[in-house]
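Data block below; observations after.
Protein chains in written order, with the working numbering: chain A, 1 to 528; chain B, 1 to 528.
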């Protein structure tokens with residue numbers, strides 16, 4: 001059986017591996033052709049050397065060249081669309097259309113082109129000039145970035161194609177990608193396209209590199225290596241926290257997206273106004289992609305009433321009759337079952353969907369659990385266990401005060417949402433709940449399910465720990481996501497001819513935004 | 001002997017302490033009057049409760065009120081100037097004038113007023129509006145901030161008066177200050193002034209709180225408590241790394257300023273041009289305040305030549321004949337001696353000043369060490385030991401290539417400086433060295449000693465680990481320093497009347513900078 005090569009220093013070569021693994025088609029539960037190497041330290045060490053060299057070369061390069069690389073890569077991805085969609089479908093069971101071909105692939109190329117535009121524009125560096133003191137500063141590249149992509153977005157969050165990749169490259173850093181083990185072939189196709197683009201645009205070898213998997217200790221060594229600038233990780237909490245411990249001890253930034261139950265509160269008035277619409281909206285948001293979104297609404301907080309009972313009844317019927325999707329992998333399926341059991345053992349009642357299987361391949365019945373606010377408050381940590389997949393937990397508060405107590409107990413989440421009546425009758429309750437929810441989430445929504453994460457400059461796909469590792473940063477949204485992979489660089493009394501163009505008196509493009517003596521401006525520094 | 005009270009929840013009260021300590025006058029080596037409590041967990045727990053309540057209240061408050069508090073506090077400090085200078089002089093032996101009264105105190109009140117202005121202006125929140133998608137985001141307060149101040153700036157970096165305090169408050173967070181044990185009385189005077197200002201401006205109790213010291217395990221528990229937003233720490237590497245381990249494990253941001261040798265490179269041409277001037281400039285920079293600056297030039301890299309020998313000879317003479325300052329404390333004195341010994345045991349030669357004492361109280365002869373580039377490269381980690389105080393290490397490279405190798409081995413530093421000839425003859429060497437140095441430091445300087453840290457919007461008082469905990473942040477410079485204590489808060493589809501004023505269509509002041517659809521602007525969002 002053919003073993004896929006790793007991509008190191010611009011060369012596809014056989015891994016110095018400690019073993020191999022196979023991908024599996026989750027819809028058929030059958031292994032897919034080919035094997036992938038489990039890289040030992042030697043592969044990582046060589047990749048780090050090449051990345052360090054590439055980082056140095058990229059730092060000397062005008063950002064225009066990085067922009068052209070990213071755009072060429074986006075074109076390459078579009079040229080490989082059919083192969084990518086085909087293989088990703090086989091490896092993840094995500095629908096080819098609209099999901100992979102018409103939603104995720106365009107999102108991926110859009111992100112790359114936005115990062116290219118931001119790199120070209122250079123405003124993201126937040127050039128700050130104190131003309132009196134002749135002190136000037138800007139963000140600059142941090143060094144090689146390791147990206148560990150998640151299982152649920154093989155394109156748009158992929159290790160060598162997704163948001164972290166685009167942000168790291170856009171900020172001028174080479175990337176060492178660690179494929180997600182559930183779609184190694186898709187990641188390889190992206191790496192091939194990326195490497196073709198790198199060669200076509202004459203980027204240094206080591207700009208983009210790929211390994212597929214490492215033993216845990218090797219991964220920990222990788223993210224804490226002195227040659228690394230930072231790491232982006234999206235995945236399970238347990239694996240992420242192990243990497244965090246290693247990176248933290250070495251003083252290496254690591255940006256984690258770990259887990260989130262994304263609480264949604266439906267206030268009594270809005271249920272009276274449009275109960276059936278909301279039941280449909282929630283059901284389709286929660287079951288889309290078999291619920292395998294970071295921003296899936298995994299916890300619905302209701303105030304006990306006849307309407308909340310009717311809502312639960314309606315949703316339960318919809319869940320029971322909706323088609324059952326295929327889960328991304330065996331491990332997702334095991335983990336969903338385990339976590340649903342943890343919730344039930346802690347007192348949650350299963351309203352519907354207490355059975356594995358029911359769909360093609362790895363699957364689980366669409367599951368709804370329920371618990372009273374009082375019981376939730378008796379064991380809030382366990383009751384916030386994320387059951388990643390087509391499931392959600394109703395938490396029924398006795399009254400608004402108990403709902404406030406529930407919000408106070410929440411861990412950090414990516415999103416939090418409050419639905420309220422259009423006629424304003426819920427506004428007093430909204431005003432009590434919103435400040436509590438605000439402090440627990442990165443993105444606060446009104447009247448809208450959190451599942452969609454728009455690629456917007458104002459997006460925050462982040463939030464307080466343990467949703468992410470640092471509440472000040474977002475993983476989606478160009479240019480803000482780029483600043484995660486940047487160092488603040490100050491130039492004090494530097495002779496004018498030695499300043500980076502971006503900090504020179506003359507605005508390098510006439511369009512770049514710079515903060516000059518406290519005023520954002522696209523003008524030159526005025527010589528007074 | 002009177003035990004000083006702690007300030008918790010707006011009340012000066014007796015600590016629930018596990019012991020006490022005394023301050024000492026380092027110039028006389030005699031204990032000062034009064035004792036200070038070592039707080040156990042109970043004090044911290046109560047302070048955290050009060051801080052959490054204060055954080056909630058501050059979040060609901062217009063930033064104008066925080067600005068007024070900070071300005072009132074600055075006025076209070078000026079009213080207490082004589083007492084502050086007197087006691088700080090007794091506790092630290094720093095000169096009353098110009099240092100404490102004419103430099104550090106004005107710097108302190110300037111920082112507080114700049115933070116007030118930034119809070120009032122609100123541009124620091126980087127309000128970002130996507131008007132099409134109706135997604136809006138900004139930085140907002142993170143929650144209670146613990147500040148552990150250093151020994152060397154009792155005013156300008158003091159726990160309850162300095163840069164971290166101003167930044168945390170300016171961003172809307174209450175502060176729990178942990179005094180530095182070497183100047184607890186000075187810190188208490190500041191806390192008294194802060195509390196008077198808090199009362200005068202009707203701030204919530206718990207806005208400013210003070211403890212003096214904790215056992216190590218209690219400090220670790222404090223920075224990792226769920227009620228904490230973040231911690232700012234400036235001090236020794238060993239104590240800082242212990243706090244970092246605790247905070248990291250809890251997912252709590254901690255901003256550390258640990259240690260830095262601040263390499264300065266003097267190229268051959270500039271030595272030919274003005275050797276004696278440079279010898280004086282370096283000597284006065286290195287011995288100012290007995291060398292007890294975070295940005296003290298602790299490592300001078302020279303290229304072997306007749307000029308470099310002459311420079312070393314001249315500096316050695318100046319060091320031998322310069323007055324010997326008093327060190328900040330017994331522990332600084334012990335640590336200086338220990339670290340000079342570590343350097344010598346590893347092969348550095350002492351050129352002058354190999355003796356403790358010689359000045360008033362705790363002191364050490366002005367010390368110069370020297371090592372060859374080759375020996376440095378044989379043991380680069382040990383040779384970068386910071387000997388905090390009136391000392392510096394010459395590293396003599398055989399040639400420019402060896403100087404490059406030395407830079408490649410450097411740890412992260414706050415600053416790095418290159419002096420080069422005015423006539424341009426050093427420029428080829430500069431061009432080889434500067435990119436290597438750039439990647440190792442937060443602030444790159446030309447032709448200027450690094451000791452001064454201007455309070456400038458473009459300043460970066462930060463740098464790669466282990467100089468600080470994260471190369472993306474600065475501890476000096478308003479408003480950038482404030483963003484360390486902020487969370488990114490996104491508002492997605494929020495009904496207009498519920499948006500924070502700062503994100504409403506109408507610019508709240510007509511002067512606040514906001515990034516609207518990619519353009520920095522002080523205008524309203526235009527309704528299209």
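No residue lacks a Cβ here, since even glycine has one placed at the ideal position from N, Cα and C.
Straight through space, the alpha carbons of residue 265 of chain B and residue 376 of chain B are spaced by roughly 15 Å.
For the set A:287, A:174, A:507, A:498, the Cα lying nearest the Cα of residue 428 of chain B is the one of A:498. By a beta-carbon distance limit of 8 Å, residue 186 of chain A does not contact residue 273 of chain A. Their separation comes to about 43 Å. Contact annotation: the segment 312–323 of chain A touches the segment 359–373 of chain A, with at least three C-beta pairs closer than 8 Å.
Ranked by Cα distance from residue 61 of chain B, the options B:166, B:105, B:204 are led by B:204. Residue 442 of chain B places its beta carbon less than 9 Å from that of residue 490 of chain A.
Taking a beta-carbon distance threshold of 9 Å, residue 513 of chain B counts as an interface residue toward chain A. At a cut-off of 9 Å between beta carbons, residue 233 of chain A makes no contact with chain B. Under the three-state reduction of DSSP, residue 388 of chain B is assigned to coil, being neither helix nor strand.
Residue 430 of chain A: member of the alpha helix (DSSP H) spanning 427–438, first to last residue. In this structure, the beta-carbon distance from residue 462 of chain B to residue 407 of chain B does not fall below 9 Å. Under the Cβ distance rule, residue 170 of chain A does not count among the residues neighbouring chain B, no pair being separated by less than 9 Å. Contacts with chain B (Cβ-Cβ distance below 8 Å) from the segment 433–449 of chain A involve 434, 435, 438, 439, 442, 443, 444, 445, 446, 447, 448, listed in chain order. For residue 521 of chain B, the enclosing beta strand (DSSP E) stretches over residues 519–521.
Contact between the segment 138–155 of chain B and the segment 224–234 of chain B is present: 3 or more CB-CB pairs across the two stretches fall below 8 Å. DSSP places residue 160 of chain B outside any alpha helix (DSSP H), giving it a letter other than H or E. At the C-beta level, residue 371 of chain A and residue 395 of chain A come within 9 Å of one another. Taken through DSSP and simplified to helix, strand or coil, residue 126 of chain B comes out as coil.
For residue 294 of chain B, the three-state secondary structure derived from DSSP is coil. For residue 269 of chain B, same chain residues with a beta-carbon under 6 Å away, outside a window of 5 residues either side, are 421, 425, 426 in chain order. Residues of chain A with a Cβ closer than 7 Å to the Cβ of residue 520 of chain B are, in chain order, 513, 520.
Excluding five sequence positions before and after residue 50 of chain A, the CB atoms of its chain that fall closer than 7 Å to its own CB belong to 8, 9, 205, 206, 209, given in chain order. Using a CB distance below 9 Å, the part of the segment 59–85 of chain A facing chain B consists of 59, 60, ordered along the chain.
One thing to note: residue 80 of chain A has its Cβ within 9 Å of the Cβ of residue 193 of chain A. Interface residue (Cβ-Cβ distance to chain B less than 9 Å): residue 464 of chain A is classified as such. For residue 113 of chain A, no Cβ of chain B is located within less than 9 Å of the residue's own Cβ. Chain-ordered, the chain B residues with CB closer than 7 Å to the CB of residue 137 of chain A read 458, 460. Straight through space, the alpha carbons of residue 103 of chain A and residue 525 of chain A are spaced by roughly 44 Å. Beyond the five residues adjoining it in sequence on each side, residue 516 of chain B comes within less than 7 Å, by CB distance, of 129, 131, 525 in the same chain, given in chain order. Judged by DSSP in its simplified three-state form, residue 477 of chain B adopts coil rather than helix or strand.
Judged by their CB atoms, residue 6 of chain B and residue 37 of chain B are nearer to each other than the 9 Å cut-off. Listed along chain A are 472, each with a C-beta nearer than 9 Å to that of residue 483 of chain B. Measuring C-alpha to C-alpha distances from residue 405 of chain B to each of B:256, B:245, B:303, B:257 identifies B:303 as the nearest. Of the residues assessed, residue 216 of chain A falls on the exposed side of the cut-off, its CB having fewer than 16 other CB atoms within 10 angstroms. Taken in chain order, the complete alpha helix (DSSP H) segments of 4 or more residues contained in the segment 182–263 of chain B are 184–200, 216–223, 237–249.
CA-to-CA, the gap between residue 240 of chain B and residue 256 of chain B works out to about 7 Å.
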